[in-house]
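Participant: The structure follows.
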Amino acid sequence: MARKKLASCCFILLLLTSSIAWSTVLSQDSSPGKQSEELRIGGIVDLTTHIGKEERAAMQVAIEDLFSGVDLNSPTLLVKDSRGDPTRAVSSAKNLIKKNHVAAIVGLRTWPETFFVAEVGNKSKVPIISLSNEVPSWSDSNRPFLVNAARGQFAQMKAVADIISSWKWRMIYEDINSAVSGIVPYLISALQDAGAEISELLPLTPTLSERSLSESLRDLKNGQCRVQIVHASAPLAAKIFRNAKRIGMMEKEFVWITTVDTMNLIDTFDTSIISSMQGVLGVKSYYSRSTKQFKNFRFRFNSKFHELYRQEPYHEPCVYSLQAYDAMRAVSLALTDGVPRSKSFQNSTNNSRMLSISGEKIVSRISESNFEGLAGAFNFQKGILSPESLFRIINVVGKSYREIGYWTEKLGFSESTRAGSKYSKSMSLLGQVFWPGGPWSAPRGWALPTSAEPLKIGVPVSNAHKEFVDVVYDQLGRGIVVKGFSINVFDATLKFLPYYLPHIFVPFNGSYDSLVEQVKLQFYVTFFGILKLNFSLNLEKNYDAVVADTAIVAKRFQSGDFSQPYADPGLQMLIIVRTKNINRAWLFTKPFSTSMWITIGLINIYNGLVVWLIERNDERNRDAEIRRGSLLKQIGYMLYSAFKTLFSLNVDNLSSNLSRIVVVVWLFLALVLTQSFTATLSAIFSDQGNDPAIVDVETLRNTGAKIGCDGGSFVVAYLRDVLNIHPDNIVRIYSGDDYAQALINEEIAAAYLEVPYLKVFLAKYCEGFTTSGPIYKVGGFGFVFQRSSPYLPDISEAIVKVVESGTLKDLENSLTSSYKCLASDSSYDHHRLRVSSFLGLFGISLGVSTFALVLFYIFYRREQIARDREEAAGPGPPAHEPPARGPAAQEPPAGGPEPPARGIELPAHEPPAREPEPPARGTEPPAHEPPAIELVAQGPAAHEQPAREPEPPAQGPAADDNIQWNRKRSSSGSTKNQQHQPQEEQPQLLKRQQPDPASCNGMIDLDNNKETQQDSAIHEQGHSVLKIGIDSVED
């Protein structure tokens, strides 16, 4: 019984042992299957840096957020530490792919790590999601399984370029941590758009020793540029600023600008590093910190980071942790077909779908992602993640930094990101910037030369035209004196600079092309290895600038940059003139231009017309010719008087003071014109003795004539290559004074000189030489500076001010005024006098004539109105008295009223006796025969007209019987009518009265010279004969 019980126990024990063993085997067989069914995502980060630690925490938070509530099928994150070594990164990637079977790998902050790991991903067809912002654009074509989930660098480089453009800095240094960085082409392109260039590249490595770094920074300090752009990792940037402060590069005049690689981690810097960065400007990535999504992430991130790294100090999550979160989210969405946090992931069907997705499908889904991430919009454009378009501009001040504004692509700087904000391309909108060293004004950006290190300026010694640059050595040969037109222009330019520019002149014995090459900055670059680049900057520079009569030609721009031209460009032919017999028949018309002759004629006609009008209506003028005759005769008289004044002063024949004034001014104008005419005609006769030969470049080329030019200038190549002159026919001349002798001796037929040289030559040798042919617009003189020299824009601006102020014109005049004659010109055109030369005199003459005419008209109208008023106030004829008849009517009744009638009515049956004709001009008429003019008017019979009382005799010594036709003899007259008048009664002045329409059919007006007329009514056979006697009475 006992044995049975023992056997049963052994069987049971054996059965249990077999069951346990079988279950162990089954569990071992099933573990590989279970392992293969688990979803894993790999991560490769540098856990020795703060960025790597934040990226690990952020990726873990992303998985937890996307797969919250899912236990069995939530992906597992496997993170490997690369320690920044590409070799370790490659080893970690192989381990994750082969042993852990990860579906994708996220991380890889640097391009070297990404470069090698992407090769592993291509072979294994596992997607590699890189967080490096240095991945070049060409990497996608060679590595299809590489996805760059970091934003590009070009946008931030444009922000940096706009900062530089705001302060007009033109030359900068760049400190970079790798010469193969993709930042360099972007930065160069952006700076070129802003008008600046990189002067030097200083590649630095994180492992660089403190001593080597200090030496590199001292080389920068000794240079002229004071603007540095630092594009380096945060640890390397901290080392740079620490050494820069120690050697004095964080003082005044220095400018430091940093990129996002440094400023995104500025919150992790301690106070010692911040104190060495005072005044630094930087660009920092922008992300919204006020959204609910960010606030939730920050809470979970801080918990996870503290859980993983309890010893690390607390920091706000940086933009790199946000990028890692967005990248992990994109990978998770690609693995789950875009349906995260779903309970359906718990069944085996969806789990199988997650495990069966291929690498190509994952890459395709990531590239098609489009969601709003924590770091901005997460979407791809042509395989590249959309770049950042908004950055923060920060300025390090005190213990931290301050955000002074924002930069938006295509808009510029602004103080806020709100809608309706004001934008500007200049940082001046953002307010005051704290600069290194504490100045309120923006630094110049480059160091001025000092007396110890002045600007070295090269000047040519062997130049052909000493008037422009002349280098004279002292007697001992130690010092030099440089003078000339170009030196004077440069000295005048320096006076308009806003700063003092110490400089010294260094002579150079060689060609102008060789001199320009001396300002070229040359350096040599040596490459070592594939990933590292060492620059051996071996600068060769003899001069900082060249000041001379340097022609501006294209090939010289390869060596330096030219300033604004200070002399006009141009190349023209110089020839000798020869004597020639010319036709001088119409040469006398050449002193005045056509418009001048026409103006003189019109002025004479106008002044003559004014004088004629005034004298003709002046009662004191006794010249009868001015009133008598036909219209044609009057016009001829007026023209004769007008042009007679050009040759004589005939003021005595004028009776009006107004006409005398006109004639005096008129004669003064005539004297100036005649003297000018004589002088100009003499000059023209002198010039007509010589006439230039007709020479052009075609004639010279076809005849094979010799042509001279400056031996060391660009003119030699221009004649050979452009004007097609045979090289054997080009004669090189090395002195400006040799041209005259060469032309006289017929060694050359013509010479080609630049226009500034021609002006000086013709001022010295104006007799017998002249220019010919067109001016070829080439050359022009300018100052040469190094490429991208900071002085060049200021020098060019100062030259413009020299031109606008008239200083350059004065210098040009002083260049030629020391010689006796001016430039030669074979044409008389330059001698001609034009209207503009006498515009003032013409204006005075016209003004005086017009003023005199206006005054005369005013006086004449006033006198005429006075006469009309006097007539209106006189007594009318009495109607009750019968008309007097017979001879007795000639005598007024004694004691009776004065008869108002102006004539004497004769008996109708007695025809009136005809009075004799007036005597000829110049003879005195007899006293008993007063001259008269007969006017016969048709009218009614004499008995039908009322009789008119005879007018009283006119006052004065000579009354009715003496009429003087020549006013010069008005003093001698007859007193014949005095026998009909009482001796005690004074004669009275005859007044013009309005004739009665009933008594006569005609009216005779008085002459403008106040001559009185006596009318006699004569009646004969139904006709009325009116005999008018004209008595001249002096006013």
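All letters in the sequence shown, in the order written, are residues -27 to -1, 1 to 1008 by mature numbering (1 follows the signal peptide of the UniProt record, and there is no 0). Glycine is no exception: its CB is placed at the ideal position from the N, C-alpha and C atoms. The model shown is predicted, which means the values in this text are computed figures rather than measured ones.
1) Since Phe758 is in the beta strand (DSSP E), which residue starts that stretch and which ends it?
2) Can you check DSSP and say which residues form a bridge with Gln545?
3) State the DSSP-derived secondary structure class of Tyr374, mapped to helix, strand or coil.
4) In the DSSP assignment, the beta strand (DSSP E) including Tyr712 goes from what residue to what residue?
5) Taking the alpha carbon of Leu814 as the reference point, which residue from Arg273, Val821, Leu642, Thr22 has its own alpha carbon closest?
6) Specify the secondary structure class of His476 as computed by DSSP and reduced to three states.
7) Three or more C-beta pairs under 8 Å: does that hold for the segment 64 to 74 against the segment 291 to 304?
8) Tell me which same chain residues have a C-beta within less than 8 Å of the C-beta of Leu186, skipping the five on either side of it?
9) For Gly255, I'd like the list of residues in its chain whose CB is within less than 6 Å of its CB, leaving aside the five on either flank, ordered along the chain.
10) Please report the residue range of the beta strand (DSSP E) in which Thr743 lies.
11) In this structure, what does DSSP give as the bridge partners for Trp229?
12) Near Ile36, which residues of its chain fall below 8 Å by C-beta distance, leaving aside the five closest residues on each side in sequence?
13) In the structure shown, what three-state DSSP assignment does Phe118 receive?
14) Would you identify the three-state DSSP class for Arg82, choosing helix, strand or coil?
15) Does the segment 702 to 714 come within contact of the segment 666 to 686, defined as at least 3 CB pairs closer than 8 Å?
16) In the structure shown, what three-state DSSP assignment does Trp585 receive?
17) Run through DSSP, which three-state label would Gly255 get?
18) Counting only the same chain and skipping the five closest in sequence on each side, list residues whose C-beta sits under 8 Å from that of Ala163.
19) Could you name the residues of the same chain whose beta carbon sits closer than 6 Å to that of Arg805, not counting the 5 residues immediately before and after it, in chain order?
20) Can you say whether His438 is buried or exposed, counting buried as having 16 or more other CB atoms within 10 angstroms of its CB?
21) Just the C-alpha distance for Gln837 and Leu819, rounded to the nearest angstrom, thanks.
22) Short of 8 Å in beta carbon distance, which residues of its chain neighbour Ile220, apart from the five on each side in sequence? Order them along the chain.
23) When you compare the CB positions of Pro538 and Gly755, do they come within less than 9 Å of one another, or not?
24) Where does the unbroken alpha helix (DSSP H) through Asp694 begin, and where does it stop?
25) Can you tell me whether Trp570 is buried or exposed, with buried defined as 16 or more other CB within 10 angstroms of its CB?
26) Quick check: Ala524 and Gly752, are their CB atoms within less than 9 Å of each other?
27) Kindly indicate which three-state DSSP category Arg13 falls into: helix, strand or coil?
28) Given a threshold of 16 other Cβ atoms within 10 Å of its Cβ, counted over all protein chains shown, does Ala207 qualify as buried or as exposed?
29) I need the DSSP call for Asn68, collapsed to helix, strand or coil.
30) Under DSSP, the beta strand (DSSP E) around Glu720 begins and ends at which residues?
31) Indicate whether the contact test is met: 3 or more Cβ pairs, each with one atom in the segment 260 to 274 and one in the segment 397 to 410, closer than 8 Å.
32) For Lys737, collect the residues of the same chain with a Cβ closer than 6 Å to its Cβ; drop the 5 residues on either side in sequence, then sort them by chain order.
33) Taking only three categories from DSSP, how would you classify Leu470?
34) Taking 8 Å as the limit between beta carbons, can you name the residues of its chain near Val75, skipping five residues before and five after?
35) In the DSSP output, which residue or residues are listed as bridge partners for Lys429?
Facilitator: On the basis of the data shown:
1) Note, Phe758: beta strand (DSSP E), 754 to 758.
2) In DSSP, Gln545 forms a bridge with Leu726.
3) Correct three-state label for Tyr374: strand.
4) Note, Tyr712: premise wrong, no beta strand (DSSP E); alpha helix (DSSP H) at 711 to 717.
5) With distances taken between Cα atoms, Leu814 lies closest to Leu642.
6) Reduced to three states, the DSSP call for His476 is strand.
7) In short, these stretches do not touch, since the Cβ pair count stays below three.
8) If we look at Leu186 and ignore the five residues flanking it on each side, its Cβ neighbours are Leu177, Lys212, Ile213, Asn216.
9) Within the same chain, Cβ atoms closer than 6 Å to the Cβ of Gly255 are found at Thr231, Met236, Ile367, the five residues on either side in sequence being excluded.
10) Counting along the chain, the beta strand (DSSP E) containing Thr743 begins and ends at 742 to 749.
11) Looking at the DSSP assignment, Trp229 forms a beta bridge with Gln201.
12) Once the five neighbours on either side are set aside, the close Cβ partners of Ile36 are Ile14, Ser47, Pro48, Leu50, Met301, Ser305.
13) Coil, per DSSP.
14) Reduced to three states, the DSSP call for Arg82 is coil.
15) Touching, yes.
16) The three-state reading of DSSP puts Trp585 in helix, counting H, G and I together.
17) If DSSP states are grouped into helix, strand and coil, Gly255 belongs with the strands.
18) Residues of the same chain with a CB within less than 8 Å of the CB of Ala163, apart from the 5 flanking positions on each side, are Phe127, Met130, Lys131, Val133, Ala134 in chain order.
19) The residues Ser566, in chain order, have a CB closer than 6 Å to that of Arg805 in the same chain once the five nearest residues on each side in sequence are set aside.
20) The residue is buried, with at least 16 neighbouring Cβ atoms inside 10 Å.
21) For Gln837 and Leu819, the gap between their C-alpha atoms comes out near 27 Å.
22) When the five nearest sequence neighbours on each side are left out, the beta carbons in the same chain lying within less than 8 Å of the beta carbon of Ile220 are those of Ser187, Leu190, Arg191, Lys194, in order along the chain.
23) Remark: C-beta atoms of Pro538 and Gly755 approach each other more closely than 9 Å.
24) Where Asp694 is concerned, the enclosing alpha helix (DSSP H) stretches over 688 to 694.
25) Flag for Trp570 reads exposed.
26) Against a cut-off of 9 Å, the Cβ pair of Gly752 and Ala524 comes out as a contact.
27) Strand at Arg13.
28) By the 10 Å Cβ count, Ala207 comes out buried.
29) Judged by DSSP in its simplified three-state form, Asn68 adopts helix.
30) It is not in any beta strand (DSSP E) - Glu720 carries neither H nor E in the DSSP assignment.
31) Per the Cβ contact rule, the segment 260 to 274 is not in contact with the segment 397 to 410 (fewer than 3 Cβ pairs under 8 Å).
32) Beyond the five residues adjoining it in sequence on each side, Lys737 comes within less than 6 Å, by CB distance, of Tyr792 in the same chain, given in chain order.
33) The answer is coil: DSSP assigns Leu470 none of H, G, I, E or B.
34) Same-chain partners within the cutoff: Arg13, Ile14, Gly15, Leu51, Leu69, Val99.
35) Listed as beta-bridge partners of Lys429 by DSSP are Ile477.
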